[in-house]
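Visitor: Counting the sequence shown from 1 gives a position; my numbering is that position plus 6. Just so it is clear, CB atoms sit at the ideal spot from N, CA and C, and this is done for glycine as well. Source: prediction; values computed, not measured.
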Amino acid sequence: MYHIPGSRVRLANGRHVCEGRVEVQDGQRWGTVCDDFWSLRDAHVVCRQLGCGPAITAPGSAHFGAGTGRILLDNVQCRGDEASLLHCRHGGWAVHNCRHAEDASVICAGTWVMGIRFHEHLAVPHPFHPTPHPGAPSSEHHGSPMSPILPPQLL
Numbered sequence: 007m008y009h010i011p012g013s014r015v016r017l018a019n020g021r022h023v024c025e026g027r028v029e030v031q032d033g034q035r036w037g038t039v040c041d042d043f044w045s046l047r048d049a050h051v052v053c054r055q056l057g058c059g060p061a062i063t064a065p066g067s068a069h070f071g072a073g074t075g076r077i078l079l080d081n082v083q084c085r086g087d088e089a090s091l092l093h094c095r096h097g098g099w100a101v102h103n104c105r106h107a108e109d110a111s112v113i114c115a116g117t118w119v120m121g122i123r124f125h126e127h128l129a130v131p132h133p134f135h136p137t138p139h140p141g142a143p144s145s146e147h148h149g150s151p152m153s154p155i156l157p158p159q160l161l
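Here it is as structure tokens:
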């Protein structure tokens, strides 16, 4: 399970942190999102919010397994430019006509590995390390401009 603290959105049951069943927090408890009206625009907002690049697909029908507990959002309709899924139109908190067999999911282009975000074959430093550490080799020393910049403890 992966989420950015404070984001109130996370992904569950994916093979990596940038894919999975979409879950949201209502302030205290986590719950799922129903796939009614779920689209690639909605998935783009989730992927961008989590720092996972653009969405590749927006599977429904509990693609990453059915959640448990509450279903918190239904009829989500994002424009695609929202900063958070919680800024998108929806039918109201915990107002739904769904079962967990209809949980929404996302598959994003990016992945996170050992604190490094990989996106569309590019390596970007983790946001907690926005610049290379002093003394860390630059990409020109790796022989490829596409080489990841690694913190010294990973070199």
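Can you give me the C-alpha to C-alpha distance between PHE43 and ASN81, rounded to a whole angstrom?
Guide: One C-alpha to the other measures close to 5 Å.
Visitor: Checking 8 Å against the spacing of the C-beta atoms, do ARG27 and THR38 come in under that value?
Guide: Yes. Within cutoff.
Visitor: May I ask you to report which of helix, strand or coil DSSP gives GLU29?
Guide: Reduced to three states, the DSSP call for GLU29 is strand.
Visitor: Taking only the alpha-carbon atoms, compute the straight-line gap between ALA72 and THR63 and give it to the nearest angstrom.
Guide: Looking at the two C-alpha atoms, the distance is approximately 18 Å.
Visitor: Hey, how far is the Cα of ARG16 from the Cα of GLY86?
Guide: Computed Cα separation, rounded: 18 Å.
Visitor: Can you name the start and end residues of the alpha helix (DSSP H) that LEU46 belongs to?
Guide: Start and end: 46 to 55.
Visitor: When you compare only the Cα positions, how much space is there between CYS40 and ALA89?
Guide: Cα to Cα, CYS40 sits roughly 20 Å from ALA89.
Visitor: Give the straight-line distance between the Cα atoms of GLN55 and GLN83, rounded to the nearest whole angstrom.
Guide: Cα to Cα, GLN55 sits roughly 16 Å from GLN83.
Visitor: Looking only at DSSP bridge pairs, what is ALA61 linked to?
Guide: In DSSP, ALA61 forms a bridge with CYS114.
Visitor: Buried or exposed: SER111, going by 16 or more other Cβ atoms within 10 Å of its Cβ?
Guide: Classification for SER111: buried.
Visitor: Using DSSP bridges, identify the partner residues of THR38.
Guide: Partner(s): GLU29, ILE77.
Visitor: Can a CB atom of chain C be found closer than 8 Å to the CB of CYS24?
Guide: Looking for chain C here will not work: only one protein chain is present.
Visitor: From the DSSP output, in three-state form, read off VAL130 for me.
Guide: Unreliable positioning characterises VAL130 in this predicted model, as indicated by a pLDDT of 38, which lies under 50. The coordinate reading is nonetheless provided below. Reduced to three states, the DSSP call for VAL130 is strand.
Visitor: What does the alpha-carbon distance come out to for the pair SER150 and CYS114?
Guide: Reliability of the predicted coordinates at SER150 is poor, the pLDDT of 32 falling under 50, and no value is obtained from them.
Visitor: Could you tell me which of ARG35, LEU79, ARG21 sits nearest to CYS94, measuring between CA atoms?
Guide: It is LEU79.
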